[in-house]
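In the numbering used here, the protein residues as written are -8 to 376.
Idealized CB from N, CA, C, for every residue including glycine.
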């Protein structure tokens, strides 16, 4: 992420010292793992469970969703000793390359499955348009047989907007002032802008998605060293519940409408999402007891892969669910377990495929000597500053 050199450093001809690695926050990995498992649950109840899972279960499942991930992203950035923008861009490129590989492999699997079965894919034109659209995150309708696969593309669009802008802003603040007051001011701007958009107004060229999830990101950044006592957590939860009830009443909405209140983000959705965030903050005193090699931490370190592949697993379970004759609770538990097992298997396979493709790509770049050219360009830019 961004490291802005001082004038003295820019004039120094000596190479910069090696960067030190910062200790990984295993509690964040644990929370990411829990959130990733809940994403699998969300896709289970909204895909294979759509016809038999009660509405209140689907609404409750959304308590740990996209806002929680942005909150954790801000927290992770706050834990870094330096914010280097080039590292941010490198991370975003890695995420997009994984998404692109996932789209290619998934659509190839659709072709194979359609050839081996009677499941239609639609016209060649529709299939190609869907493939190219998902590749560039346009996210049009996905053809059968994997109905629920591309529903998460919208998240990446917001992520690729929020993360670089907020990381750049925080890097500048850290470099020149290192004052949390400016971060609080930035958070207030996002909140005010979001409320204005909710009221039907506008806030420069920012939409509700960017303002809402930027605010969650900044909350995560600001709360790094904040520890809530039980009574403080109870007060915040009480305020969030009052805000949730009030905004639902003002909109004439119901708690069961949370899925529709999520697109685009609304004030009830914000208050609802704060409940899980307060719970995560309340458990921070136990963060040092987290085992770094626990199963939840492994899921957290592979949260992105779980996010991608679980929709494939959920789509497969949609073919199995009609043949399962159980009470809805037992049926949901069985479908979730199968979805989770398939997802974990897909994650292992996907990581292996991505590693192979990355090695081949690195070998090709080494043959063409591309890294040296890029490094020289970067060094030239830094020296010019």
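- Our two residues, residue 278 and residue 306, have alpha carbons roughly 35 angstroms apart in a direct line.
- Residue pairing by DSSP places residue 59 in no beta bridge whatsoever.
- With a cutoff of 9 angstroms on beta-carbon distance, residue 272 and residue 214 are scored as near each other.
- In the DSSP assignment, the residues bridged to residue 197 are 194.
- When secondary structure is reduced to three states using DSSP, residue 71 falls in the coil class, being assigned neither helix nor strand.
- For residue 150, the closest C-alpha among the options 30, 86, 171 and 247 is that of 86.
- Counting only the Cα atoms, residue 159 lies some 15 angstroms from residue 72.
- Residue 87 sits in a helix when the DSSP states are folded into three classes.
- By the criterion of a C-beta distance shorter than 8 angstroms, residue 262 is surrounded in its chain by 231, 232, 234, 235 and 238, once the five residues flanking it on both sides are discounted.
- Residue 42 sits in coil when the DSSP states are folded into three classes, being neither helix nor strand.
- In this structure residue 76 is in contact with residue 162, their Cβ atoms being roughly 6 angstroms apart against a cut-off of 8 angstroms.
- The beta-carbon separation of residue 227 and residue 269, rounded to 5 angstroms, stays under the 8 angstroms limit for a contact.
- Counting other Cβ atoms within 10 Å of its Cβ, residue 127 stays below 16 and is therefore classed as exposed.
- Apart from sequence neighbours up to five positions away, the residues of its chain that approach residue 203 with a beta-carbon distance below 7 angstroms are 185, 256 and 261, ordered along the chain.
- A check of alpha carbon separations from residue 265 across 200, 59, 27 and 164 identifies 59 as the nearest.
- Comparing C-alpha distances from residue 309 to each of 19, 38 and 31 shows the shortest one belongs to 38.
- Residue 291 sits in a helix when the DSSP states are folded into three classes.
- Between the alpha carbons of residue 218 and residue 298 lies a distance of about 29 angstroms.
- Scanning its chain for C-beta atoms nearer than 7 angstroms, with the 5 sequence neighbours on each side dropped, one finds around residue 27 the residues 290, 291, 294, 297 and 298, in chain order.
- By the Cβ neighbour-count rule, residue 179 is exposed, with fewer than 16 other Cβ atoms within 10 Å of its own.
- Measuring C-alpha to C-alpha distances from residue 31 to each of 53, 96, 198 and 45 identifies 53 as the nearest.
- Where residue 167 is concerned, the enclosing alpha helix (DSSP H) starts and stops at 144 to 167.
- The closest CA to that of residue 323, considering only 45, 16 and 24, is found on 45.
- Ranked by Cα distance from residue 286, the options 199, 220 and 335 are led by 335.
- Counting along the chain, residue 117 sits inside the alpha helix (DSSP H) bounded by residues 115 to 126.
- Closest in C-alpha terms to residue 172, from the list 210, 201, 145 and 144, comes 210.
- For residue 35, there is no enclosing alpha helix (DSSP H), as DSSP marks it with neither H nor E.
- Straight-line measurement puts the Cα of residue 95 at about 8 angstroms from the Cα of residue 122.
- Counting along the chain, no alpha helix (DSSP H) covers residue 54, and no H or E run does either.
- Here residue 92 is not near residue 327, since their CB atoms are 9 angstroms or more apart.
- Contact between residue 188 and residue 199 holds: their C-beta atoms lie close to 5 angstroms from each other, under 8 angstroms.
- Taken through DSSP and simplified to helix, strand or coil, residue 278 comes out as helix.
- The DSSP-derived three-state label of residue 216 is coil.
- DSSP places residue 180 in the helix class (H, G or I) of the three-state scheme.
- Counting the other CB atoms within 10 Å of its CB gives residue 311 a total below 16, which places it among the exposed residues.
- Shown here, residue 25 sits in a helix according to DSSP, grouped into three states.
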